[in-house]
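To convert, note that position 40 of the sequence shown is 40 in my numbering; the numbers rise steadily by one, no gaps.
All C-beta atoms in this analysis are idealised placements derived from N, C-alpha and C, irrespective of residue type, glycine included.
The model shown is predicted, which means the values in this text are computed figures rather than measured ones.
Before any comments, here is the structure.
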Amino acid sequence: EIVYPSLEVMNRLDWLNSIMAQLWPHANKAINKMAIETILPEIRAYVPGISFTDFSLGDTPPVLGPITSVQTNKGPTTEVTVLFHSDCDIQLQLGASFGLKTLQFSGTLHVSMEQIIDEIP
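Take a look at the structure:
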């Protein structure tokens with residue numbers, strides 16, 4: 001007899017969170033690079049002289065789930081809960097040093113797939 005996991009267990013996204021935990025150190029480095037090479041120059045356009053002395057989103061990856069999916073009159077809609085409780089280290093310098101040591105947010109990623117067509121793009 002095949003035993004399938006309950007819908008509640010499947011919706012928790014443990015498998016995806018496990019992958020996210022393995023990828024997080026690499027994603028954190030890529031985000032660090034993007035912050036220094038792309039975001040910092042944009043900030044400097046408005047705040048000359050500002051710099052990052054440290055930039056890390058921490059060792060704790062975001063947690064995804066549960067996931068729900070429903071059919072609406074406009075098409076399928078999927079919602080994924082996102083929780084991020086970071087032990088970040090973001091330090092800025094602008095005459096004086098200041099920064100963030102904790103960053104927390106939670107929310108729901110809402111994806112609506114409207115106007116699905118029967119052709120491959």
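Inter-residue spacing [alpha-carbon to alpha-carbon] between Leu23 and Thr102
21 angstroms
Alpha carbon to alpha carbon, how far is Thr81 from Gly65?
Rounded to whole angstroms, Thr81 and Gly65 show a C-alpha spacing of 5 angstroms.
Candidates Asp14, Gln91, Val47: which alpha carbon is nearest Phe55's?
Gln91
Compute the Euclidean distance between the alpha carbons of Thr53 and Leu109, then round it to the nearest angstrom.
31 angstroms
Contacting residues, own chain, Cβ-Cβ under 6 angstroms from Met113 (five flanking each side not counted)
Gly75, Pro76
Around the Cβ of Leu83, are there at least 16 other Cβ atoms within 10 angstroms (buried) or fewer (exposed)?
exposed
Should Ile57 go down as buried or exposed, given a rule of 16 or more other Cβ atoms within 10 Å for buried?
Residue identity check: residue 57 is Leu in the sequence provided, not Ile. Taking all protein chains in view, the Cβ of Leu57 is crowded by 16 or more other Cβ atoms within 10 Å, so the residue is classified as buried.
Own chain partners of Ile43 with C-beta closer than 7 angstroms, once the 5 adjacent residues on each side are dropped
Ile50
Just to check my reading of the structure: Val63 and Asn17 have Cβ atoms closer than 8 angstroms, yes? What is that Cβ distance to the nearest angstrom?
The C-beta distance from Val63 to Asn17 rounds to 6 angstroms, short enough to meet the 8 angstroms contact threshold.
If you count every other CB in all the chains shown that lies within 10 Å of the CB of Ser106, and 16 or more means buried, which is it?
exposed
Rounded to whole angstroms, what is the Cα-Cα separation between Ile116 and Phe98?
48 angstroms
For Ser69, count the other beta carbons within 10 Å of its own beta carbon; 16 or more makes it buried, fewer makes it exposed. Which is it?
exposed
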